[in-house]
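A.B. asks: Residue numbers (the working numbering): 182 to 244.
Just so it is clear, CB atoms sit at the ideal spot from N, CA and C, and this is done for glycine as well.
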């Protein structure tokens, strides 16, 4: 599963959050959105590698 959250500022940094626990992703998403990050969530390591290559995030959190 991959989910992109809404932050409309295109200059905002992009964070890729990777965790197989949906609740952990939810909590991290809330923290980063409050700090004006655009967020991509991913629960699959292989998909996370693909997203890293295509989206070029400013920050990657793997937990």
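What do you reckon, are the CB atoms on residue 225 and residue 201 nearer than 9 Å?
C.D. replies: Yes, these two residues count as a Cβ contact at 9 Å.
A.B. asks: Is residue 203 near the ligand NAD, judged by its Cβ being under 8 Å from some heavy atom?
C.D. replies: This structure simply doesn't include the ligand NAD, nor any ligand for that matter.
A.B. asks: Alpha carbon to alpha carbon, what distance is there between residue 223 and residue 198?
C.D. replies: Going by the C-alpha atoms only, they are around 6 Å apart.
A.B. asks: CB residue 193 to CB residue 242, shorter than 9 Å?
C.D. replies: Their beta carbons are not under 9 Å apart, which means residue 193 does not touch residue 242 by this criterion.
A.B. asks: Specify the secondary structure class of residue 219 as computed by DSSP and reduced to three states.
C.D. replies: In this structure, residue 219 counts as strand in the three-state DSSP scheme.
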